[in-house]
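In order, the protein sequence lines correspond to chains V and G. All residue numbers for the first sequence refer to our numbering, where the first residue is 6 and numbers rise by one. All residue numbers for the second sequence refer to our numbering, where the first residue is 1015 and numbers rise by one. Don't be surprised by glycine CBs; every beta carbon is placed ideally from N, CA and C. Just below is one structure, and these are the notes that go with it.
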Amino acid sequence: MTGWTAQAHLLADDLREPGFACAELNASAWCARTDPAATRGLAARRWP
Amino acid sequence: MVRAYRPGRDQGPGGAALALTDGDAGGSLWGSAPPCPDDKTLVEGAAELEGWAAELLKRSSQIARECRADLAAAGAALGEALAAQRAASAQAAVGRNAGQAAAAEAALTEAREAESAARAAIADCEAALEILDECGTRLAHAANCLAKVPGDLAAVYEQPSEHLADGGTLPHSGDFLGGAVTIEAA
């Protein structure tokens, strides 16, 4: 593995960190509970 | 309404995660994590990650551009090395004395070394471009998945909004939105 290939591999490795951050955000969204205020706000906007 | 946001494996942050880790993040897409407190946090988080992906895509494109320039230079160097070999061989064939023969042999050796270096550079560039191309594809897909998060999230609001517009009512608690009970049943 020489210059350009090494750089390309480094870049490919650098994709992993944001990738796992995306997974964490996804898990965070799935773990979220609904804030009842969100629905109240929706109802208030549409059904005053 | 984050709780009602349920993107599939090929969309949203999950789709981006799988693209960027080549599938390795699959096990942690639905792992335990601090619950996302609100829509704003989700949208801002997705925007930040989209920016990260865009930066990497920019870097990938820059490396690929420089690599292609080196590939072109190596291709030209290979052509010159092969021409030099032909010239050296011709010189060796017409050499009239030992000195000329030795000079031709030295030129041939040098040209062969140049050919070898050019071929190695070409192989390096081609291997790198293959990796960079794949990285670019994965990054573009990830950025696209993340860019759609605000729209996907807005779509979550559409069904209850339509339900209200049709004269339906919503409970104050929004829990039903993320549960098994459908809006119609609620």
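With 16 other CB atoms within 10 Å as the buried threshold, where does residue i fall?
i	result
residue 1053 of chain G	buried
residue 29 of chain V	buried
residue 1138 of chain G	buried
residue 1132 of chain G	buried
residue 1064 of chain G	buried
residue 1102 of chain G	buried
residue 1059 of chain G	buried
residue 1114 of chain G	exposed
residue 1026 of chain G	buried
residue 1116 of chain G	exposed
residue 1169 of chain G	exposed
residue 33 of chain V	buried
residue 1134 of chain G	exposed
residue 1039 of chain G	buried
Thinking just about the alpha-carbon of each residue, which of the options is nearest to the one in residue i?
i	options	result
residue 1081 of chain G	G/1096, G/1147, G/1028	G/1147
residue 1094 of chain G	G/1114, G/1130, G/1107, G/1048	G/1130
residue 1024 of chain G	V/12, V/27, V/36	V/27
residue 1123 of chain G	G/1181, G/1075, G/1097, G/1140	G/1097
residue 8 of chain V	G/1085, G/1044, G/1050	G/1085
residue 1160 of chain G	G/1172, G/1057, G/1136, G/1173	G/1057
residue 13 of chain V	G/1144, G/1176, G/1178	G/1144
residue 1104 of chain G	G/1055, G/1119, G/1168, G/1176	G/1119
residue 1090 of chain G	G/1099, G/1141, G/1136, G/1176	G/1136
Discussion item. What are the residues in the stretch 7-22 of chain V lying within 7 Å of chain G by C-beta distance?
Written reply: 7, 8, 9, 10, 12, 13, 14, 16, 17, 19, 20, 21
Worksheet item: Of all the residues that make up the stretch 1110-1137 of chain G, which are near chain V by a beta-carbon distance shorter than 9 Å?
Response: 1134, 1135, 1137
Worksheet item: If we count Cβ pairs, one from each stretch, closer than 8 Å, do we get three or more for the stretch 1094-1114 of chain G versus the stretch 1151-1164 of chain G?
Response: no
Worksheet item: Between the stretch 1055-1068 of chain G and chain V, which residues of the former have CB atoms less than 9 Å from a CB of the latter, in chain order?
Response: 1055, 1056, 1059, 1060, 1062, 1063, 1066, 1067
Worksheet entry | At least 3 beta-carbon pairs within less than 8 Å: the stretch 12-23 of chain V vs the stretch 1055-1071 of chain G | yes
Practice prompt. Could you say if the stretch 1114-1128 of chain G and the stretch 1029-1047 of chain G meet the contact criterion of at least three C-beta pairs nearer than 8 Å?
Written response: no
Worksheet item: Listed from N- to C-terminal order along the chain, which residues in the stretch 1076-1100 of chain G have their beta-carbon within a distance smaller than 9 Å of any beta-carbon of chain V?
Response: 1077, 1078, 1080, 1081, 1084, 1085
Item to complete: Anything in the stretch 1029-1043 of chain G with a Cβ closer than 9 Å to a Cβ of chain V? List those residues in chain order, please.
Response: 1029, 1030, 1031, 1032, 1033, 1034, 1035, 1036, 1038, 1039, 1040, 1041, 1042, 1043
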